[in-house]
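Under our numbering, the first residue of the sequence shown is numbered 2, with each subsequent residue one higher. Idealized CB from N, CA, C, for every residue including glycine. Remember, it's a predicted structure, so these values are computed and weren't measured experimentally.
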Amino acid sequence: MTAKRLPLILLALGFLVRLTYILLFHHMDQSIYSDMRNYIQVADQILAGEWKATHFFQPIGFPYLIYLLKLMTPNWMGWLEGIHLVTATASLYLIWKTVKESFGEKAALITLFVTGFHFNWIIFTSMVLAENLFIFFLSLLAWLSLKLLRHFNTQNAILWGVTFVAAFLIKGTHIFIVPLFLLGILAWKRLAGLKIVVLISIVVWTGFIAHGVVTLKTIGKFQMSGSAGGLNFVEGKCPIKNNADSAGYSWLSPLYYQLDMMEMKKWDKPFTDSGYFMAQGFECIKRNPLVLVQSLEGIPFLFIGNFMWPSSHFKPAAWMRLYELFFSIFLLTGLCIFIFLITRQKNPSEALLVWITPMLGLFLCVYIFKSEVRFRVPFDVWLIPMAVKGWLDLMELKHQQLLANQVQHQ
């Protein structure tokens, strides 16, 4: 086995593991409830020519993809499984390529092995959920971030912005990456980075405005993003976590269900009225400013203390919980080591912008809104490579100390 073939073998194994899981353990049609059912219902309503405000509660990208597939073939779910398999494998390749360029071949191979068998990602490959495609776009964003910082040009800036917007149409939890990344470029490159910052800003704002034009045309309301942000803000900042709205919808996040926070509040507005719910979240902060400190608990909840939905509904849930326990220990410890030893990186500024910034963006998102393991799992695109590099750096440091001790004794 040559070193050149090993990445291809690991990629093939990653693909086969996902294919086997879908064929033998979990077809997409075995789990059509909650978010999965909602995505399909939205696609069906668009297919029937109906547009509702609830279609834009969660990002519209994934149900619109289902709509396009339903237009083309009655076997839309089989095609979606194929798309998930291809994009999942492409994600593995992009992450391997990014890590190889940034951290070296050894870190890239270990990362490829870990991500290839990462059970959380395997599960999302087999679900009618947006996370698998979101992981793909975040993987592409990570690769483009590295390319952009090494080659400051118009093409890379435009591609970065377009990829960010595409990911935003699928899932919006990476929203804070943009301001942090652009501020980081300005702090690092000063005036030399201004053109790139302006270009990315134009592309991203064009995407937001285009989304608003679509909502204005379809539901008569200019809306630059999904409207779930208001409810998420209320969930994170108000004491009652189980909410119901005037339209008959109810919402309880998996974390709060697991914490047995079941008391319900009925609101006299629909969840789609994001501005109203944002205002209510600020009212909760006024009544209890301590919640601004308490909201920091959302960060550790990304790693420990709760269980990833929807795997909590699966038969092998106990094995999944055990996997997440050991994986969290590996991930958290490796991340802490990476951050502590960041000055050992070849280019600490690049490491900060490409790798640390997305993690900070995730932390800021769950601090402002709410926390779920499901929010973190797509960000494993960045977290797993950092953890792997942290462990490798620690091993290298220990090896160097051992050699130094041997020299002293001689």
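Considering residue i, what are the terminal residues of the beta strand (DSSP E) in which it resides?
i, result
"Met265", "Met265 to Lys267"
"Asn348", "That residue, Asn348, is in no beta strand (DSSP E); it is neither H nor E in DSSP."
"Asn243", "Asn243 to Ala245"
Note down the Cα distance separating residue i from residue j, rounded to an integer number of angstroms.
i, j, result
"Cys337", "Leu403", "22 angstroms"
"Leu395", "Asp246", "51 angstroms"
"Leu365", "Gly299", "10 angstroms"
"Leu354", "Ile178", "10 angstroms"
"Pro311", "Gly276", "29 angstroms"
"Ile369", "Met279", "11 angstroms"
"Ile124", "Phe308", "14 angstroms"
"Pro180", "Leu25", "43 angstroms"
"Tyr68", "Tyr250", "23 angstroms"
"Pro142", "Ala248", "In the sequence on display, residue 142 carries Leu and not Pro. In a straight line, the C-alpha of Leu142 is about 37 angstroms away from that of Ala248."
"Leu361", "Phe302", "15 angstroms"
"Ile201", "Phe341", "31 angstroms"
"Val367", "Arg345", "29 angstroms"
"Gly230", "His314", "26 angstroms"
"Thr207", "Ser329", "38 angstroms"
"Gln31", "Leu160", "36 angstroms"
"Gly213", "Glu397", "51 angstroms"
"Lys190", "Glu106", "28 angstroms"
"Phe114", "Met321", "18 angstroms"
"Lys267", "Leu253", "12 angstroms"
"Leu81", "Thr216", "25 angstroms"
Taking Cβ to Cβ, would you say residue i is nearer than 7 angstroms to residue j?
i, j, result
"Thr112", "Val382", "no"
"Gln224", "Phe118", "no"
"Gly227", "Gln46", "no"
"Val204", "Ile186", "no"
"Ala44", "Lys71", "yes"
"Pro379", "Leu139", "yes"
"Glu373", "Pro255", "yes"
"Met78", "Met29", "yes"
"Thr126", "His85", "yes"
"Thr219", "Trp52", "yes"
"Ile286", "Val292", "yes"
"Leu333", "Phe376", "no"
"Tyr40", "Val129", "yes"
"Gly391", "Phe331", "no"
"Pro343", "Pro349", "The sequence as given places Ile at residue 343; Pro does not occur at that position. A contact, by the Cβ cut-off of 7 angstroms."
"Thr164", "Leu134", "no"
"Lys371", "Glu236", "yes"
For the alpha helix (DSSP H) containing residue i, list its first residue and its last residue.
i, result
"Ala319", "Ala318 to Phe341"
"Asn39", "Ser35 to Leu48"
"Asn233", "Ala229 to Lys238"
"Ala193", "Taken as a continuous stretch (DSSP letters only), Ala193 belongs to no alpha helix (DSSP H), as it is neither H nor E."
"Ala168", "Thr155 to Ile171"
"Ala13", "Arg6 to Thr21"
"Ile67", "Gly62 to Met73"
Measuring alpha carbon to alpha carbon, tell me which of the options ends up nearest residue i.
i, options, result
"Met262", "Thr273, Ser251, Asn243 and Lys270", "Asn243"
"Phe153", "Trp356, Glu351, Gly362 and Asn406", "Glu351"
"Lys101", "Ala229, Ile340 and Leu147", "Leu147"
"Phe272", "Met321, Leu93 and Phe234", "Phe234"
"Asn289", "Leu217, Gln346, Leu9 and Cys239", "Cys239"
"Pro386", "Ala318, Lys98 and His212", "Lys98"
"Val87", "Leu195, Ser35, Pro359 and Phe16", "Phe16"
"Ala108", "Leu384, Glu284 and Phe182", "Leu384"
Does residue i have its Cβ less than 7 angstroms from a Cβ in chain B?
i, result
"Asp394", "Protein chains in the displayed structure number just one, and chain B is not present."
Next on the checklist: Restricting to runs no shorter than 4 residues, where is the alpha helix (DSSP H) found entirely within the region 251–311?
Outcome noted: 255–259, 275–288, 292–295 and 299–302
Item to check | Continuous alpha helix (DSSP H) assignments of at least 4 residues falling wholly in the region 78–136 | outcome: 106–117 and 120–126
Item to check | Residue ranges of each alpha helix (DSSP H) within the region 350–383, 4 or longer | outcome: 358–369 and 374–377
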